[in-house]
Amino acid sequence: MKWFDYKAPTTLADALAQLDSHPGAYLLAGGTDLLVQLRAGRKQTDMVLDIKHVPELNEISFDESAGLTLGAAVCCADTYENAAVKTHYPSLAEVASIIGGTQIQGRASIGGNLCNAAPSADTVPLLIALGAKCRVASTKGEHEIAVEDFCTAPGKNVMRAGEMLVSLQFPVPKKGSGAHYLRFIPRNEMDIAVAGVGASVVLDNGTFQEARIALASVAPKPLFVRAAGDSLKGKPVNGESIEAAAELAKAAARPISDMRGTAEYRSHLCAVLTRRALEAAVKQAREAQ
Amino acid sequence: MQSKTHVQTKINDEEIDFLCEPRQSLLEVLRDTLNLTGTKEGCNDGNCGSCTVTLDGRLVTSCLVLGVEAEGREITTIEGIARGNDLHPIQKAFLENAALQCGICTPGFIVATKVLLEKEPDPSEDRIRFFLANNLCRCTGYDKIIQAVQQAAREMQA
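Quick note, the sequences are listed as chains A and B, same order.
Sequential numbering of the first sequence, starting at 297, is according to this note's numbering.
Sequential numbering of the second sequence, starting at 206, is according to this note's numbering.
So this is what it looks like as structure tokens:
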């Protein structure tokens, strides 16, 4: 690795000021992407800002009216061991437990998974399905952006120089809601999704009130398929409505062929995984009622 | 200005300070600066788990931690597992079950197994395999490692 300086600010204001004065700085949370990329020469910088000492980035708290605040640097293990996450967002706890292996989960954060903006990022389709919002800050102020609008291309996101992801905000789950992320990998763990689907549903007496579906590894960025979720609104919960949504998700996918699978195979997976993710979300919603 | 950073930390219950460059990994510091060479370098990108240590109780691959991040934290390496001259039951079980051949992956497996068994004293075989998925072994085929973990679990509960 080339030489860089290291700073570990302890307040958000100081972190933002440091970032403002070092536009080429990279932010270090778990480092499971950044340190690999710096070592391989895929990224270069003369300044690494360790943001794990900033309280706002370590926050993990649930409020009955405001929902869940998940600091951008909270590691996967702290996420899935959190009692409120396990109770109110079981799908989030589950997705945090399938990122990498145990050692990666002790460092890697969900905020980092989002900022790294890999099309295959496992958490992002679920964040979109859950309707999570990003709190982005700079020395000039703060704004909020929906997760589905955050990634722009492989490795790219909407944040400008000087901006930092502070936390993710999840709305309180509605009554009768369930969510699930499902991926296809040839191994049982420690692999990159050939395709992945995050789905959330809100049910009312056997009818879909709402649904959100997003896809991984089948487009240059995690893909929100609004039409597939919207197609379920007001429809009865049955095989026909779920199959129709799955076909819409498949039609929206824009996969490429690579070492992990062909475009055709990935499209096929989109339909299968969407159906199964919806079925799992429905099951969770019914069990919670 | 390129100067080394002074880091104060605790490794295997001992207060330690060292100088390192910000770009050096904790793995490099452990092995090359502190001569704690029980921690092994395998892939150096977080996949193989040979360099596994605990950082404030959490399992991490030390190749993906900067040495400077150790400031004020507590680290346990393979050197901190044995109790004086007595091997830890996990270490004995690995020996008795021939759960190693070349030995490069073994320190990482043992550090990870200790965290598993302290959290979950009686894990299923599936759970053991899933928990240790971030530790690769290219010699044993894993079965003997799983048997060693199961034996250690029995002995630690006894």
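Ideal placement from N, C-alpha and C gives every residue a C-beta, glycine not left out.
- Nearest in C-alpha terms to residue 319(A), of all of 308(A), 385(A), 341(A), 327(A), is 341(A).
- Listed along chain A is no residue with a C-beta nearer than 7 Å to that of residue 224(B); the closest approach is about 13 Å.
- Contact of residue 271(B) with chain A is assigned, a C-beta pair being separated by under 8 Å.
- Within chain A, the residues 373, 402 have their CB atoms less than 7 Å from the CB of residue 263(B), given in chain order.
- Flagged as an interface residue toward chain A: residue 228(B), by a C-beta distance shorter than 8 Å.
- Around the beta carbon of residue 213(B), a 10 Å sphere encloses fewer than 16 other beta carbons of the protein chains shown; the residue is thus reported as exposed.
- For the segment 336-349 of chain B, the residues whose beta carbon sits under 8 Å from a beta carbon of chain A are, in order, 336, 337, 338, 339, 340.
- Within the segment 327-398 of chain A, the complete alpha helix (DSSP H) runs of at least 4 residues fall at 330-335, 351-354, 372-376, 379-384, 386-392.
- Interface annotation, residue 352(A): not in contact with chain B, CB-CB separation never under 8 Å.
- Annotated three-state conformation of residue 459(A) is coil, per DSSP.
- Going by beta carbons, residue 418(A) and residue 394(A) fall inside the 8 Å limit.
- In the DSSP annotation of this structure, the continuous segment of the beta strand (DSSP E) that includes residue 494(A) starts and ends at 491-500.
- Following the DSSP letters along the chain, one finds residue 423(A) inside the alpha helix (DSSP H) bounded by residues 419-425.
- Residues of chain B whose Cβ lies closer than 9 Å to the Cβ of residue 331(A) are, in chain order, 230, 250, 251, 268, 269, 270, 271.
- Within the segment 302-320 of chain B, the residues whose Cβ lies closer than 9 Å to some Cβ of chain A are 313, 317, 320, listed in chain order.
- Contact between the segment 243-260 of chain B and the segment 303-316 of chain B is present: three or more C-beta pairs spanning the two stretches fall below 8 Å.
- In the same chain as residue 431(A), and ignoring 5 residues on each side of it, the C-beta atoms closer than 7 Å to its own belong to 438, 440, 462, 463, 465, in chain order.
- In this structure, the CA atom of residue 295(B) is about 12 Å from the CA atom of residue 362(B).
- Ranked by Cα distance from residue 300(A), the options 528(A), 344(A), 362(A) are led by 344(A).
- At a C-beta separation below 9 Å, residue 207(B) has these neighbours in chain A: 299, 301.
- Look at residue 274(B): its C-beta is under 8 Å from a C-beta on chain A.
- DSSP links residue 554(A) through a beta bridge to 557(A).
- Looking at the DSSP output, residue 504(A) bridges to 499(A).
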